Amino acid sequence: MAPLIGITGRSVKGDIFSGQNLHLAESPVDLFFAEYARKVALAGGLPLMIPMVDMPANYIDCLDALILTGGGDVDPVLWNGPSVYSHGVSRERDEFEMGLLKAALEKQIPVLGICRGAQLLNVALGGSLEPHLPWDGGDQHCLRSSDRNERRHTVQFESKSILSKVYESTIEVNSFHHQAVKNLGAGLKSTGWSPDGTIESLEHENGRVVGVQWHPEMQTGVDLIFRWLVEQSRP
Numbered sequence: 010m011a012p013l014i015g016i017t018g019r020s021v022k023g024d025i026f027s028g029q030n031l032h033l034a035e036s037p038v039d040l041f042f043a044e045y046a047r048k049v050a051l052a053g054g055l056p057l058m059i060p061m062v063d064m065p066a067n068y069i070d071c072l073d074a075l076i077l078t079g080g081g082d083v084d085p086v087l088w089n090g091p092s093v094y095s096h097g098v099s100r101e102r103d104e105f106e107m108g109l110l111k112a113a114l115e116k117q118i119p120v121l122g123i124c125r126g127a128q129l130l131n132v133a134l135g136g137s138l139e140p141h142l143p144w145d146g147g148d149q150h151c152l153r154s155s156d157r158n159e160r161r162h163t164v165q166f167e168s169k170s171i172l173s174k175v176y177e178s179t180i181e182v183n184s185f186h187h188q189a190v191k192n193l194g195a196g197l198k199s200t201g202w203s204p205d206g207t208i209e210s211l212e213h214e215n216g217r218v219v220g221v222q223w224h225p226e227m228q229t230g231v232d233l234i235f236r237w238l239v240e241q242s243r244p
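Next up, the structure:
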């Protein structure tokens with residue numbers, strides 16, 4: 010049987026869909042970007058979208074692996090950062106995903122954090138973030154208008170890291186983030202960097218948890234990191 014891979018989403022108000030149905034405007038909607046699930050399925054896993062209902066340990070009991078997906082910024086209150094640059098903050102989502110991560114670490118199932126998910130992984134373990142990267146400087150980490158498949162810069166991996174085995178020593182990645190990992194949380198180490206020194210990947214000391222700052226789900230074909238996650242989640 011294919012391993013069951015849980016995928017987080019986000020909660021929005023129904024007014025983005027309701028049109029003339031005003032009675033739906035305040036209804037909560039759990040929203041998921043389908044590419045995560047499709048790439049998991051192509052890699053051999055069975056994707057499960059996790060609704061934002063506060064029962065994280067129950068979800069993790071059923072799962073073989075977890076993906077923490079991209080999205081808005083992690084609440085800066087959680088890492089003692091400034092709020093001036095933050096957007097799309099959802100404390101409800103932060104706390105829900107931190108609960109999932111805590112349960113996943115206790116169960117020792119594989120975890121993949123993508124973009125926001127990598128940052129949340131770091132914050133949940135006591136780390137901090139770079140509050141804002143220049144929109145037009147360095148390696149151009151956040152170009153909202155760029156083709157999502159376009160490789161914006163390279164990432165070089167530490168030679169003995171998980172990702173150096175999954176990929177090669179250096180790869181080219183897309184990039185859509187205005188924040189980044191700064192001080193590392195407990196049990197984490199940085200394993201990949203862009204040419205300007207920005208941390209692009211981190212790994213947990215248990216060898217089963219990886220965070221990446223780019224968006225592998227947007228790439229054409231099945232990115233190798235999804236195959237790694239599925240293989241790690243098999244008995």
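Numbering of the sequence shown is given in the numbering used here, commencing with residue 10 and proceeding in unit increments. In this text, a Cβ means the ideal position worked out from N, Cα and C, and glycines have one as well. Computed from a prediction, not measured in an experiment: that's the story for all the values here.
Whether residue i touches residue j by CB criterion (7 angstroms)
i: Q241; j: R217; result: yes
i: G120; j: V83; result: Strictly speaking, residue 120 in this sequence is Val, with Gly absent from that position. The answer is no: Cβ separation not under 7 angstroms.
i: P12; j: R236; result: no
i: A113; j: I69; result: yes
i: E247; j: K198; result: Look at the range of the chain in this structure, 10 to 244, and you will see that residue 247 is not part of it.
i: D39; j: G54; result: no
i: V175; j: I234; result: yes
i: T179; j: T200; result: no
i: G81; j: V98; result: yes
i: L130; j: K191; result: no
i: G194; j: L134; result: yes
i: G15; j: L110; result: no
Three-state secondary structure assigned by DSSP to residue i
i: V21; result: strand
i: V239; result: helix
i: G201; result: strand
i: E139; result: strand
i: V231; result: coil
i: G147; result: With a pLDDT of only 49 at G147, under the threshold of 50, the placement of this residue in the model should not be trusted, and no figure is reported.
Residue i, buried or exposed, once every other Cβ within 10 Å from all chains shown has been counted against 16
i: T207; result: buried
i: V221; result: buried
i: S203; result: buried
i: S36; result: exposed
i: I246; result: Summary: the structure shown does not reach residue 246, with the chain confined to residues 10 through 244, and so no result is reported for it.
i: M10; result: exposed
i: A127; result: buried
i: H186; result: buried
i: D205; result: exposed
i: E177; result: exposed
i: S210; result: buried
i: V86; result: exposed
i: E214; result: exposed
i: E226; result: buried
Distance, residue j Cα to residue i Cα
i: D73; j: Y45; result: 16 angstroms
i: V49; j: P143; result: 32 angstroms
i: R125; j: D63; result: 20 angstroms
i: L51; j: L77; result: 18 angstroms
i: S92; j: G136; result: 17 angstroms
i: E106; j: N183; result: 24 angstroms
i: G196; j: R102; result: 23 angstroms
i: A66; j: I59; result: 12 angstroms
i: W88; j: L31; result: 38 angstroms
i: T229; j: A43; result: 14 angstroms
i: R100; j: R161; result: 30 angstroms
i: V219; j: Y94; result: 26 angstroms
i: L33; j: S20; result: 14 angstroms
i: W223; j: V231; result: 15 angstroms
i: P140; j: H96; result: 11 angstroms
i: Q165; j: V239; result: 24 angstroms
i: R23; j: G108; result: The displayed chain sequence assigns Gly, not Arg, to residue 23. The alpha-carbon atoms of G23 and G108 are separated by roughly 25 angstroms.
3-residue-minimum beta strand (DSSP E) runs that sit fully inside the segment 181-225, ordered along the chain: Here the runs fully enclosed are 197-202, 208-213, 218-221.
Sequence ranges, alpha helix (DSSP H) only - wholly within the segment 41-72, length at least 4: 43-51, 65-71
Contiguous alpha helix (DSSP H) assignments of at least 4 residues, all confined to the segment 83-139: 100-116, 125-133
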